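Visitor: Structure incoming, see below.
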DNA sequence: TGCCAAATATGATCGCCATCATGTAAGTGT
DNA sequence: ACACTTACATGATGGCGATCATATTTGGCA
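Protein chains in written order, with the numbering used here: chain E, 1 to 189; chain Y, 1001 to 1189.
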C-alpha cells in the first residue's frame, strides 16, 4: 500500500533512527536490513525504495547520528565529562556517543561512511576544545588528549564485564582528565 | 592425510596465529573459518579436529594473543609510549596491541572470550603501572588514565583516513600523557 | 612389515542475508 | 471520481559461511 508523502519521509527517518541505534548496539555487520526495517515498523521489501544498498544506509545513518547529536546538552565542561564518563553512558550504547560505539567498525566501511564519520570526529574535537575554554597555545593538545581519554575509557569500560573495574576506569579517567586539564597544573598550589 | 603429532601441534599453533592476526585486522565476524585455515596453509575441513567451534577458536585466540604479548619489549616508559603511539603501530593492526584492535568487538563474544580479554586488560593495566613507576598513592589512577588515553588515541587514529590528523592525534596524546604523568606536575618548575 | 587410529581433504547441508521481482492498494493530480 | 503512480508487502534468488559426513593417507605401535 502507498502512504502519503509526509508519511514516507517519516518512515525514512524512522529507518535511519532504528538503524543508528542498532548499529551502535550491535555493529554494522551484525545488523540485517530486515532487522532495521522491522524495528522501524516495516517489512524488508520497501527498503530499496529508500536506500540504494545497505552500505548507503550505513553512510546515511552515520551522518544522521552526528547531525542529531550536534550541540550537546546544557552545562559546562564538568557536566559534559560527568555525563560522558557515567555508568549510564556506558550502558546506553544505542543512544550514546557514536564515536565510542563505532570507531572500530568504521574502518571496514565504504569511503562515504568513513567520510561522514570523519566529519563527526572533527566537530567533536572542536566541541571538546570549546568546552575546555581557550586558555593557552596548547588548547588543541588538551582537547585531543581529553577526547582520546574519554573515548578510550568508555570503550574499555564497555568491554569489561566486572562492573567494579568498569566503574573504576570511568572514575579514574575522569579524575585523570581533571588533572591534565587544570590550566595552572604546573603552578604551585 | 595424517601428520605427525608434532606437526599437528605446529598446525594448531599456526591456526591460532593466523586467526589472531586476521581477527585483529578484520574483526571476529568478518573472518571465516575457511579463511583462517587457508592462512594457516590448510583447508577448512580439519578445523573441527582442533577446535569445537568458531567461538572456541575466538576464545583461544584471544588467550593466545595475550600470552604471546606478555612482557613487552625493552626500554622504559618513554620507549613503550613512543612505540604504542607510533604510525607503525597505527598501521600494524594485525601484529599490534590486541586491546586496541579488539575492544569493541569483544562485547559481542562468548563469556569465555570475554574472560580471556579481561585477563589481558588487567595485565596491561599492571604493565602500564609498572612502567610508570610507583611514585605516589595515585599510581593506579595514572596507570588507568594513561592506558585509556593510549588505547583511545590508537583506536581513533586508526579510524581516521587523513594521515595528518591521525598523526596529530597520536602526537598530541603522547605529549598530553607526558604532561599528565609528570610526577611533580603540581610543583613549581 | 602391517593394522589401525587419527589428521586433513573434499564435498555436502542448512540457514541467514542482501538484493531483486512482482503484487497490491492507497495517495495524487486532473 | 478516475487513471496512474508509487510506497510498501510478499515472496523469490543466489551466495556465503558454519558445521557435518565421508574419503584418503600416513604416522604410531605391535
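Don't be surprised by glycine CBs; every beta carbon is placed ideally from N, CA and C. Quick caveat: nothing in here was measured; it's all calculated off a predicted structure.
I need the boundaries of the alpha helix (DSSP H) containing residue 26(E), first residue and last residue.
Guide: Unbroken alpha helix (DSSP H) run through residue 26(E): 5 to 26.
Visitor: Can you find at least 3 beta carbon pairs, one from the region 1170 to 1180 of chain Y and one from the region 118 to 130 of chain E, that sit closer than 8 Å?
Guide: As far as the Cβ criterion goes, the region 1170 to 1180 of chain Y does not touch the region 118 to 130 of chain E, which means the pair count is below three.
Visitor: I'd like the span of the alpha helix (DSSP H) that includes residue 44(E), first residue to last.
Guide: Element bounds for residue 44(E): n/a, residue is neither H nor E.
Visitor: Apart from the five residues just before and just after residue 1093(Y), which ones in its own chain have a Cβ nearer than 6 Å to its Cβ?
Guide: Cβ neighbours of residue 1093(Y) beyond the five flanking positions: 1024, 1025, 1101.
Visitor: Assuming the contact rule is C-beta atoms closer than 8 Å, residue 30(E) and residue 44(E) should be a hit. Round their C-beta distance to whole Å, please.
Guide: 16 Å between Cβ atoms; not a contact.
Visitor: Using the three-state DSSP reduction, which class does residue 81(E) fall into: helix, strand or coil?
Guide: Residue state, collapsed to three classes: helix.
Visitor: Within 7 Å of any Cβ in chain Y, is that where the Cβ of residue 144(E) sits?
Guide: Output row for residue 144(E): interface = yes.
Visitor: Can you list the residues of chain Y that residue 26(E) reaches, using a CB-CB cut of under 8 Å?
Guide: Residues of chain Y passing the Cβ test: 1108.
Visitor: Do residue 1154(Y) and residue 155(E) have their C-beta atoms closer together than 7 Å?
Guide: Against a cut-off of 7 Å, the Cβ pair of residue 155(E) and residue 1154(Y) comes out as no contact.
Visitor: In whole angstroms, what is the alpha-carbon distance linking residue 1090(Y) and residue 1098(Y)?
Guide: Approximately 12 Å, taken between the alpha carbons.
Visitor: What's the C-alpha gap between residue 1189(Y) and residue 1016(Y)?
Guide: For residue 1189(Y), the predicted model reports a pLDDT of 32, less than 50, meaning its position is unreliable; a value from the coordinates is still stated below. Taking the straight line joining both Cα atoms gives about 51 Å.
Visitor: Check whether the region 1001 to 1008 of chain Y touches the region 1131 to 1149 of chain Y, counting contact only when three or more Cβ pairs, one atom from each stretch, lie closer than 8 Å.
Guide: These segments do not touch.
Visitor: Pick from 1056(Y), 1169(Y), 1082(Y), 1143(Y): whose alpha carbon is nearest that of residue 1028(Y)?
Guide: Per the Cα distances, 1056(Y).
Visitor: Can you pull the chain Y residues whose beta carbon is under 7 Å from the beta carbon of residue 173(E), in chain order?
Guide: Those are 1144, 1145, 1148, listed as they occur along chain Y.
Visitor: What is the rounded straight-line gap between the Cα of residue 18(E) and the Cα of residue 37(E)?
Guide: C-alpha separation (whole angstroms): 8 Å.
Visitor: Can you pull the chain E residues whose beta carbon is under 9 Å from the beta carbon of residue 1030(Y), in chain order?
Guide: Those are 29, 108, listed as they occur along chain E.
Visitor: Quick one: what's got a C-beta closer than 7 Å to residue 50(E)'s C-beta in the same chain, skipping five residues either side?
Guide: Closer than 7 Å at the Cβ level, and outside the excluded window around residue 50(E), lie 12, 15.
Visitor: Please say whether residue 1085(Y) and residue 1142(Y) have beta carbons closer to each other than 7 Å?
Guide: The answer is no: Cβ separation not under 7 Å.
Visitor: Per DSSP, what kind of secondary structure is residue 124(E) in: helix, strand or coil?
Guide: In the structure shown, residue 124(E) sits in a helix (DSSP, three-state: H, G or I).
Visitor: Helix, strand or coil for residue 172(E)? Go by DSSP, reduced to three states.
Guide: Helix at residue 172(E).
Visitor: So residue 1061(Y) and residue 1110(Y) are supposed to be a Cβ contact under 8 Å. How far apart are they, rounded?
Guide: With a Cβ gap of about 12 Å, residue 1061(Y) and residue 1110(Y) do not count as contacting.
Visitor: In this structure, how does DSSP classify residue 1074(Y) when only helix, strand and coil are distinguished?
Guide: Looking at residue 1074(Y) - three-state DSSP - the assignment turns out to be coil, as it is neither helix nor strand.
Visitor: Under a three-way DSSP split, which group does residue 91(E) fall into?
Guide: In the structure shown, residue 91(E) sits in a helix (DSSP, three-state: H, G or I).
Visitor: Distance check for residue 74(E) and residue 1121(Y), CA to CA, integer angstroms please.
Guide: For residue 1121(Y) and residue 74(E), the distance between alpha carbons rounds to 34 Å.
Visitor: Do residue 1106(Y) and residue 159(E) come within 7 Å of each other at the CB atom, strictly closer than that value?
Guide: Yes.
Visitor: So, helix, strand or coil for residue 1108(Y), using DSSP?
Guide: Three-state result, residue 1108(Y): coil.
Visitor: Closest to residue 1165(Y) by C-alpha separation, out of 151(E), 171(E), 140(E), 172(E), would be which residue?
Guide: When only C-alpha atoms are compared, the closest one is 140(E).
Visitor: Under 8 Å by Cβ, that's how I've got residue 1131(Y) and residue 1076(Y) pegged, so tell me the actual separation to the nearest angstrom.
Guide: Contact flag correct, Cβ pair sits at about 7 Å.
Visitor: Going by the CB atoms, is the gap between residue 63(E) and residue 118(E) shorter than 7 Å?
Guide: Their beta carbons are not under 7 Å apart, which means residue 118(E) does not touch residue 63(E) by this criterion.
Visitor: List, in chain order, every chain E residue whose beta-carbon is nearer than 8 Å to that of residue 1152(Y).
Guide: Per Cβ cutoff of 8 Å: 147, 148, 149, 150, 151, 152, 153, 155.
Visitor: Is it true that the CB of residue 1096(Y) sits closer than 7 Å to the CB of residue 152(E)?
Guide: Cβ distance not < 7 Å, so residue 152(E) and residue 1096(Y) don't count as in contact.
Visitor: Measure the C-alpha to C-alpha separation of residue 138(E) and residue 1009(Y) and round it to an integer number of angstroms.
Guide: Roughly 54 Å separates the two Cα atoms.
Visitor: Given 6 Å as the limit, tell me if residue 76(E) has its C-beta closer than that to any heavy atom belonging to the ligand ATP.
Guide: Because no ligand of any kind appears in the structure shown, any question about the ligand ATP cannot be addressed here.
Visitor: Alpha carbon to alpha carbon, how far is residue 1108(Y) from residue 112(E)? Give it in angstroms, no decimals.
Guide: For residue 112(E) and residue 1108(Y), the distance between alpha carbons rounds to 26 Å.
Visitor: By Cβ distance below 7 Å, which residues in the same chain neighbour residue 22(E) in space, the five residues on each side in sequence not counted?
Guide: Hits under 7 Å: 31, 35, 36, 39.
Visitor: For my contact list, residue 1065(Y) and residue 1123(Y) are in at a C-beta cut-off of 8 Å; report their separation, rounded to the angstrom.
Guide: Their Cβ separation, rounded to whole angstroms, is 12 Å, which puts residue 1065(Y) and residue 1123(Y) out of contact at 8 Å.
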